[in-house]
Amino acid sequence: MNSPEHHETSGRSVSRRWSLSIQQKFLIGTALILLVFCVLLAALLYVQEKNLLAETAYNKSEMVMAAVEANRNYVRHVLRPKMYEVLGEDAFVLEAMSTSYVSRAVMDRFRKTLPEYAYRRVAINARNPSSEANPLEREMIRYFETDRSRTEWHGIVKLNGISYFYRFKPVYFQESCMHCHGDPSQAPQALVDRYGKDRGFGREPGDVAGVTGVGIPVEVAMAKIKGMALSVGMVGSVCVALLYAVLSFFFNRVVVHNLKDLLGIFQRGLWTDAEQRELAQSMETRDEIQELTILARTMVGRLNEARRRLELHSENLESMVADRTRALQRSQERLRRQVIQRNRELKTLNSIAEMTTQARRLSDILPEVLERTLEIVPAHGAAIYLLKENPDRLELQIANNVDDPLPVLQFDADRCALILEEDHPDYPTSLNEAACGQVSFCEEAEGAAHLNIPLCCRGRVLGVMTFHQVDLDGVKPEMQELLFSIGRQIGVALESLNNLEKLLQSKELLQTVVDGITDMLVLLDREGRIRMVNKAFLQRFGLDMEQVTGRRCTEVHVEGGCAFSPSSLEEVLRTGTPKTEEAHNRQGEVYLIHLYPVLDESGRVDGLIQYAKDITHQKRVEQKIQQTERLVALGQLTAGLAHELNNPLGVILCYTDLLKRQMADFPMGLKDVGIIEKHALNCQRILSDLLKFARGQAGTEPRPASLNQVVEEVVQMMGHQFRKRGIRVELHLADDLPEIPLDVERIKQVVVNLLMNARQAVNGRGLVRVTTRRDGDDLEMRVWDDGPGIDPAIRDKIFDPFFSTKSPGEGTGLGLSVSYGIVQDHGGDISVESEPGQWTEFMVRLPRERKPS
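Residues 1 to 853 in full-length UniProt numbering are what the sequence shown lists, from first letter to last.
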């Protein structure tokens, strides 16, 4: 086993060797790679562009060579044979028969247009000295002679310091060439005379005659390629430099810092004293990986040492674990008992809190509270005293396992300071001490101990809970705090129950007062929702309190609709001033509404009180009195007017008879007299109606008669008029109607008036229904028609004298007034209901017995 010292010594021997840091190594390697990349990039670009240039020059040379070769073929295969044929075998015209001369002459003219192109057809020991090969061309000739399979050579070469693209192709002697280049004795004489027998002869078919070369200068293009490669190299160097900087930054952040942090963790964990830290600093190298390796070796050594020590301690581990396990079990058991005890205490406190919040009376919770508390307190019994006033005293409410508890104990709050100063109080004094708000103990001579807990709420003591025969050693501070919390909870419950009892008493008193009001009373909140109504409201509409509470008046389904106007409610809620108004519901009931705002402490409207008094009967009585008074006054007036006007009308009619006899021969005069007589008779009829109206106020002479018989006689009498107009009359007469006191002729007059009004209202095909029935002590007759109905604006005026909706001359407006008076004289009542545009119904109620006036 290697010791830690061995590793540390080894680490020091390694650390003495100086080395680059990992960051420096990485950056140097990265710089070399990027530099090589830039050089390769520039070289590749240079080679690529150079190859592209060579390819372009090659294509151009191909065109030149193809053109020259075409000329040569023409001379060789067309022109030369023709010249021999014309001139003979010994003739030789150089300008027309030499392919070399012709091709050179053509290219000389070509260079005049494109001087940068160079074309040469050369050979070694050429017949024409100008076609003698230069050193490069000689090298190319030898190149093709060494390997007859080579067809061409091309490339960029330097000539006189200038770069050219050259393309060379070998030229081989053919059989047709031997006439001029073979045996001199066989050659054309003109050729021998011109060039002699030494140069250009002695060739064999297949020999390399020379080379054809095309040269294109590429110096400018090569300079551009070199400049572009250099530019790319420089730009690439700048980009590489930027990339190098970015890599350096991120490597330093991502790798070096993390390695240094890791080294710091190892150093802080492996060396703990100053000497070892100094030793660690002396062994630091510049290579973080090397340092990390040294530290790893050191850590391995220390782990081995720790393992050795663990092996030494393993023998005693079982006994140590057993001892520790027993200690933990004892601690766990104590903790478990404490948790059980605390759970019982919390459960008791929660149950007491739940009981106190749900209870309605003290007798419901005090026994249960004592029983639950005794379960957690080491005591034999307990009792609860409540503090009463006038006089101040502690009064026993309940006791559990307490022998002869004190029923009442006097208490003086002014003596609390003196009571709290006593060192050994007796039991009554200790109860008073608890009533002063202090937890108190008491030990009697017999050895019995008492514990007293005050029942408090908001700093006020409401009573005392006392425990008898308590084991004071078992009452820990935690237990005292728990009992004090229970006391506070009971105090809160006592306060809540007292307040609830007062609230219920106030509510019952208020409800009694409100229900004692016979008119409807409603309490609304500021949103217009019902908070409370009295019994009169519920009885009036047949509702329960749950059906109206929390809802708006318009949302409550009541018979006839709600009489309270929403606009009036909003006005009072907005202005905060009382308001009184009359309101009508759909059933025609009239209410006198009083609205009173309820203001809060800041003067804002917090609610609204609505008081509604039913004045329907009062209004009807007032209307009947007013109607009767008008009828009486008008009856007296009409009786006087009828008496005073009837005599002059009689005289006028008498004289009209005389004039008619005297003017028998004067037609125009008779017509005028007829008009006078007609209007006089009309006035007399009106006076007759007035007299009947006046006599109607004088009284009736009733006798027992059948209402059904009266109706049938009138309908039978008027049936022809209804059938003539196409009006259908239906009778629905009850069979059980008794005879009642009636002035038959006057009641017939009422039925006739109602039927005549129905006939005129229907005005065409329609329906008139007459119904009789018994309603308690009254008999009721209804006349219904499906005419256009009555405008609500004039409904209250139709029984007024002289009020008529008919056209002028069709009625006097006394029919319904007379009928109203007749029914009133019989002690009955007449009314009307109508739905405009649909129907109208008149109702006549007559009593079975005549009521004394």
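The beta carbon of each residue, even a glycine, is placed where N, CA and C say it ideally should be.
Check                                                                                                           : Outcome
Minimum length 3: unbroken beta strand (DSSP E) runs contained in the region 152-181                            : 153-159 and 162-172
Residue from V47, I822, L608 and T99 with nearest C-alpha to L742                                               : I822
Within-9 Å CB hit, G827 to chain D                                                                              : Of the protein chains in the structure, only one exists, and it is not chain D.
Beta-bridge pairing of I118 - partner residues as DSSP gives them                                               : For the record, residue 118 in the displayed sequence is Ala; it is not Ile. DSSP output for A118 lists G215 as bridge partner(s).
Euclidean distance between Cα positions of G640 and P704                                                        : 33 Å
DSSP state of H679 mapped onto helix, strand, coil                                                              : helix
Separation of K224 from A57, as counted between CA atoms                                                        : 15 Å
Any alpha helix (DSSP H) of 4 or more consecutive residues that is wholly inside the region 401-466             : 416-421 and 427-435
Spatial neighbours of L645 in its chain, beta-carbon cut-off 8 Å, leaving aside the 5 residues before and after : C683 and L687
C-alpha distance - L409 paired with E495, whole-angstrom precision                                              : 21 Å
According to DSSP, residues forming a beta bridge with M843                                                     : R782 and S831
Residue span of the beta strand (DSSP E) that contains T771, given as start and end                             : G766 to D775
Rounded Cβ spacing between P391 and L406 (contact assumed at less than 8 Å)                                     : Between L406 and P391 the Cβ distance is about 16 Å, and since that is not below 8 Å, they are no contact.
9 Å Cβ cutoff met for L592 and V572                                                                             : no
Distance, Y385 Cα to E395 Cα                                                                                    : 5 Å
Member of N128, V68 and V377 whose CA lies at the smallest distance from the CA of Y117                         : V68
Cβ distance (whole Å) where I216 is taken to contact Y164 below 8 Å                                             : 7 Å
Validate contact between the region 839-847 and the region 823-830 using beta carbons, cut 8 Å, 3 pairs         : yes
Spatial neighbours of F799 in its chain, beta-carbon cut-off 7 Å, leaving aside the 5 residues before and after : Q627, L816, S817 and Y820
Enclosing alpha helix (DSSP H) for H826 [first to last residue]                                                 : No alpha helix (DSSP H) contains H826, which DSSP labels as neither H nor E.
Of the residues M228, A91 and V762, the one placed nearest T840, counting alpha carbons only                    : V762
Straight-line gap, residue 863 to Y101 (C-alpha atoms, nearest Å)                                               : Because the chain spans 1 through 853 in this model, residue 863 falls outside it and cannot be assessed.
Close beta carbons around Y611, own chain, < 7 Å, minus the five adjacent residues each side                    : D519, L521 and H594
Distance, N452 Cα to T373 Cα                                                                                    : 13 Å
Rounded C-alpha distance that separates K50 from M63                                                            : 20 Å
Boundaries (first-last residue) of the beta strand (DSSP E) holding R703                                        : R703 to A705
Start-to-end residues for the beta strand (DSSP E) that takes in M532                                           : I530 to V533
Nearest-angstrom beta carbon gap, M107 and A96 [assumed within contact, 8 Å]                                    : At roughly 17 Å, the Cβ-Cβ gap does not stay under 8 Å, so A96 and M107 are not in contact.
Beta-bridge partners of D614, as assigned by DSSP                                                               : Y591
I794 (DSSP reduced to helix, strand or coil)                                                                    : helix
Collapsed DSSP secondary structure at K671 in the structure displayed                                           : helix
For A57, the three-state DSSP class (helix, strand or coil)                                                     : helix
Any non-hydrogen atom of the ligand COA within 8 Å of S248 CB                                                   : Although the ligand COA was asked about, the structure shown includes no ligands whatsoever.
T212, buried or exposed, once every other Cβ within 10 Å from all chains shown has been counted against 16      : buried
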